[in-house]
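Trainee: Following my numbering, the numbering of the sequence shown begins with 2 at its first residue and continues without gaps. Cβ coordinates follow ideal geometry from the N, Cα and C atoms, glycine included. Predicted model, so just to flag it, every value in this text is computed and none were measured. Quick one: structure below, then a few questions.
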Amino acid sequence: MPVTVQKFGGTSVADAYRIHLAARRAIRAKLAGKQVVLVVSAMGDTTDRLLDLAGRVTRHPSKREMDMLLSTGEQVSIALMAMAIHEAGHEAVSMTGAQVGLLTDSRHSEARIRSINAGRIRELLDQGRVVIVAGFQGVDENFNITTLGRGGSDTTAVALAAALGAAECELYTDVDGVYTADPRLVPAARKIDAISYDEMLELASLGAAVCHARSIEFGKKYGIPIHVRSSLTDNPGTMIMDNPPGMEDVVVRGATLKRDMGRITFVGLPNQPGVAAAIFDEIASREIVVDDIVQTVSEQGRSVNIACSIESRDLNEARAVGELIAQRFDSRAFEVQDDLARLSVVGIGMRSHSGVAAKMFRVLAAEKINIENISTSEIVISALVRQTDAERALQALHKAFELEREA
Ligand code: ASP
Ligand code: MG
């Protein structure tokens, strides 16, 4: 019998009514002849409330205990979901991450999945039950409860779909799919019918908060199509898949804006081996995530400037690095910029079309928006701009690349 995995996010199980709606959807799939695995998130804003609660008890919670605490949210949802299915006269059983043998490494709050005991779930499915698995959690080899990072239930679901050989994984959420841009910022944004894993990975890591980036990595690795759709309607949502129709023709698939970016520039460093290594060793040891790096040479090659963009919340740590480096290399100074935003356009078609960057820069120029930094990869072009210009820039790009038009 084909296996289907349905994941319901926090808003889709926010109250008893929604839980019943989700249960009904699962039962429908079962009656259509499928073996059904449900993955659920914590109800509504439960995870945020638990985090807040911990913050009232201590400013320095142990990561192990934090995972213990946060994992309770999903445990509530699975039990209630099982009850809702029982109420409708069907068999269901709830399982925690540990109970389905979802083994992770020991990195609390950002654990990675190592393996899943699919046999246990198969046995339960073969008994005719709906199996409801707690999202976002696992257990390490010493039986410590771990969590996969915020939004990690998506990853639980896609990993389960892979482990069980499911034909697809459905992610039910409160929006009806993935949009060409955040519709709160760009009213003309349009739902995308199908998108490639690579494009979605870029969009997810560039700020489109629709699904957990690692879930897309799993989907890509194991070839599981992921259907992001609304839990309130039966309308098709967005398929994240290998070869969406017309893939090469769509030059730009979507645009994103990531706020709260900053930049540190190390100025006037000696142009000699080991300088960049010294800076980035220091940055890495503080676990600052660097977005991109630009090095420029000045004074006829005698000195270099190195700039890197990072999230605003890491700027203070970066300042400390700046001071250390300036001292160590007897350099002039370092500069820090805050209030930046990263604008990006993403599309597989860029591999085979040229002129996308030129067009993007023309659009920004016409809007009199200054570009602080540019970075590109195979299917992404990003520009760092001032935060105050960002929304206007995003709207202009969305229009110029005709993203509101049906693909
Ligand atoms: N409940 C967790 C969170 O809010 C995991 C999830 O919903 O995916 O981040
Ligand atoms: Mg989510």
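Determine the DSSP secondary structure at ASP293, reduced to helix, strand or coil.
Mentor: DSSP, reduced to helix, strand and coil, places ASP293 within a strand of the structure shown.
Trainee: Could you pull out every residue in the same chain whose Cβ sits closer than 7 Å to the Cβ of ALA380, ignoring the five residues on either side in sequence?
Mentor: Note on residue identity: the sequence assigns Ile, not Ala, to residue 380. Cβ within range, chain order: ASP199, GLU200, GLU203, VAL347, GLY348, ILE349, MET351 and ARG352.
Trainee: Report the residue from GLY263, SER232, SER310 and VAL253 whose alpha carbon sits nearest the alpha carbon of HIS21.
Mentor: SER232
Trainee: With a cut-off of 8 Å, do at least 3 Cβ pairs link the segment 40-51 to the segment 147-164?
Mentor: yes
Trainee: Would you mind sorting ASN1 into buried or exposed? The rule is 16 or more other CB atoms within 10 Å of its CB.
Mentor: Any property of residue 1 remains undetermined from this structure, which presents the chain solely from 2 to 408.
Trainee: Determine the closest residue to HIS91 out of ASP53, SER313, GLY255 and ARG29, with distance taken between C-alpha atoms.
Mentor: The shortest C-alpha separation from HIS91 is found at ARG29.
Trainee: Where are the beta strand (DSSP E) runs, 3 residues long or more, that stay fully inside the segment 139-200, in chain order?
Mentor: Listed in chain order, they are 146-148, 170-174 and 195-197.
Trainee: Under 8 Å: does the beta carbon of GLU318 sit that close to some heavy atom of the ligand ASP?
Mentor: no
Trainee: In its own chain, which residues sit with a C-beta less than 7 Å from the C-beta of ALA55, not counting the 5 before and 5 after it?
Mentor: PRO62, MET67 and LEU70
Trainee: Going by Cα to Cα distance, which pick from VAL58, PHE9 and LEU126 is closest to GLY432?
Mentor: The structure shown does not extend to residue 432, since the chain is modelled only from 2 through 408, so no value can be given for it.
Trainee: In the DSSP assignment, the beta strand (DSSP E) including GLY263 goes from what residue to what residue?
Mentor: 255-271
Trainee: Residues in the same chain with beta-carbon distance under 8 Å from PHE267, minus the five sequence neighbours each way, listed in chain order, please.
Mentor: These residues qualify, in order along the chain: ILE280, ASN306, ILE307, ALA308, GLY323, ILE326, ALA327, SER332 and PHE335.
Trainee: Looking at GLN338 and ARG260, is the spacing between their C-beta atoms short of 9 Å?
Mentor: no
Trainee: Closest by CA to LYS8, which one among THR174, GLY74 and ALA163?
Mentor: THR174
Trainee: Is the segment 267-277 close to the segment 353-362, with three or more CB pairs under 8 Å?
Mentor: no
Trainee: Going by beta carbon distance, what residues of the same chain come within less than 7 Å of VAL187, once the five residues before and after it are set aside?
Mentor: LEU395, GLN396 and HIS399
Trainee: Can at least three beta-carbon pairs, one atom from the segment 164-183 and one from the segment 92-99, be found at a separation below 8 Å?
Mentor: At 8 Å Cβ cutoff, the stretches do not touch.
Trainee: Under 9 Å between C-beta atoms, does ALA182 make it to chain D?
Mentor: Here there is only one protein chain, and chain D is not present.
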